[in-house]
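In what follows, a single structure is set out as structure tokens and then discussed.
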Amino acid sequence: MTPDPDPPTEPVTVPPAEERTAEPGPPGMRPTDGEPAEGHRTHRPWSARRLPAALVAALVLLASGAALVDVIAVRAGRPAAAWRRQLAHALATRPLDDVWMLTGAAVAAAAGLWLIVLALTPGLRKWLPLRSPLPGLRAVLDRNGAADLMRDAGLRVPGVGDARVRMGRHRVTARAYVRFRDPGRVKEDLTAVLDDERDRLALAHPPHIAVRVRRSSH
Numbered sequence: 097m098t099p100d101p102d103p104p105t106e107p108v109t110v111p112p113a114e115e116r117t118a119e120p121g122p123p124g125m126r127p128t129d130g131e132p133a134e135g136h137r138t139h140r141p142w143s144a145r146r147l148p149a150a151l152v153a154a155l156v157l158l159a160s161g162a163a164l165v166d167v168i169a170v171r172a173g174r175p176a177a178a179w180r181r182q183l184a185h186a187l188a189t190r191p192l193d194d195v196w197m198l199t200g201a202a203v204a205a206a207a208g209l210w211l212i213v214l215a216l217t218p219g220l221r222k223w224l225p226l227r228s229p230l231p232g233l234r235a236v237l238d239r240n241g242a243a244d245l246m247r248d249a250g251l252r253v254p255g256v257g258d259a260r261v262r263m264g265r266h267r268v269t270a271r272a273y274v275r276f277r278d279p280g281r282v283k284e285d286l287t288a289v290l291d292d293e294r295d296r297l298a299l300a301h302p303p304h305i306a307v308r309v310r311r312s313s314h
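Counted from 1, the sequence shown has number 214 at position 118 by the working numbering; the numbering is strictly sequential.
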């Protein structure tokens, strides 16, 4: 017996590039029907801390330069500077519970704590991180700009004559002045509009929205 021949294969048609369906991406990146993609959460970029670094460098350079010049002068046979003799005498004779000793220690401890906080925190608090479509991509939004966008959205609500929005990292406080309509209805509409505008901003850490309305006196 001879083996049966292989069944005929049908030709495979590859659709054009514009008709192909994109492959599903990683979880959290694939949009569903009527819902935007969530994206990856990012963090604030770290500040360069140029001003604190420049101040510390300037102080260290000034102190080390003055000490080096005085040491060179002493090695050359000249007497030590008066400020260095007075400093050495004060450190050797003043007790530890002296007011100036405690003040200097407190200032040094405060400066050290300040430098540690600057080293462990990112800074740039005026920037709000946004959700990113890619893990290595980072985007931020200015806090004042975000507040202006939220305020413009609130002014489009019927009945709102004026609005003020304060944008924080964890909380958005909106104060609106109602010229007409029921303040309760205006508050509901304003809260819904601000919620939608916050979602459109695609913030990595969406803040909570608190709305306060008042009847306008004008």
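Even glycine gets a Cβ: it sits at the ideal position worked out from N, Cα and C.
Note that the structure is a prediction, hence the values are computed from the model and not measured.
Of all alpha-carbon atoms in I168, L286 and R145, the one lying nearest the alpha-carbon of L214 is that of R145. Every alpha helix (DSSP H) of 4 residues or more that sits fully in the segment 228-257 is shown, in chain order, as 239-251. Residue pairing from DSSP places W223 in a beta bridge opposite D238. When the beta-carbon positions are compared, V289 and G250 come within less than 9 Å of each other.
Counting the other CB atoms within 10 Å of its CB gives T199 a total below 16, which places it among the exposed residues. Between S228 and R221, the gap from beta carbon to beta carbon reaches 9 Å or more. Counting only residues of its own chain and dropping the five nearest sequence neighbours on each side, V309 has a CB closer than 6 Å to the CB of A272, V274, P279, V282 and K283.
In its chain, beyond the 5 residues on either side, M246, V268, P302, P303 and I305 have a beta carbon closer than 8 Å to the beta carbon of R294. Restricting attention to G219, W210, D238 and T287, the CA atom closest to the CA of L151 is found in W210.
Burial is judged here by how many other beta carbons sit within 10 angstroms of a residue's own beta carbon; A259 has at least 16 and is buried.
Per DSSP, reduced to three states, the secondary structure at A207 is helical.
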